[in-house]
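Student:
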Amino acid sequence: MTREGGCLCGAVRFKCEGEPLNVRICHCRTCQKAMGSPFYARALFDPRAVTVEGETGSFLSSPAIAREFCTACGTRLFSRRTNGTAMGVALACFDDRNAFAPTEHIWVSEKIAWVCIDDGLTQYQGTIT
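Numbering (the numbering used here), first residue to last: 156 to 284.
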């Protein structure tokens with residue numbers, strides 16, 4: 156199955172082939188700051204399953220993760236592991252924003268205090284592999 160999406164202005168478009176490796180909501184402080192949001196909801200893919208058209212900028216948010224955004228409108232689209240093993244795609248950037256449902260929360264030890272997690276999904280205090 157192919158799922159498509161893009162940024163707010165339409166300058167960047169992407170296609171994801173197949174099913175994601177996992178779909179998680181990350182509450183770590185780095186994701187909060189990088190996304191400008193209480194958390195980062197993303198589908199993780201093998202990078203070979205994702206094609207991107209349009210110009211993106213990149214910022215190395217840690218030695219392990221680079222964040223990508225549209226250079227025209229600033230939409231935060233992707234996170235890439237610097238070792239090339241995985242690529243996160245922001246769930247809200249898919250054309251069908253309901254294409255994937257998260258199955259887990261990670262880094263809940265760093266979640267913002269007013270965020271209430273009552274969806275019944277598994278919660279991890281830190282990360283998992």
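Glycine included, each C-beta is placed from N, C-alpha and C at the ideal position.
Keep in mind it's a predicted model, so treat the numbers as computed, not measured.
Which residues does DSSP list as the beta-bridge partners of residue 290?
Tutor: The structure shown has nothing for residue 290, since the chain only spans 156 to 284.
Student: Assuming contact is defined by CB atoms lying nearer than 8 Å, are residue 167 and residue 207 in contact in what I supplied?
Tutor: Yes, Cβ-Cβ distance for residue 167 and residue 207 is below 8 Å.
Student: Nearest-angstrom Cα distance between residue 272 and residue 245?
Tutor: Cα-Cα distance, rounded: 19 Å.
Student: Distance check for residue 186 and residue 192, CA to CA, integer angstroms please.
Tutor: So the alpha carbons of these two residues sit roughly 8 Å apart.
Student: Are there three or more Cβ pairs, one per stretch, closer than 8 Å when the stretch 197-204 is compared with the stretch 240-257?
Tutor: Short answer: they touch.
Student: Quick one: residues in its chain with C-beta nearer than 7 Å to the C-beta of residue 257, no 5 flanking neighbours on either side, listed in chain order?
Tutor: Within the same chain, residue 257 has close Cβ partners 178, 179, 180, 196, 276.
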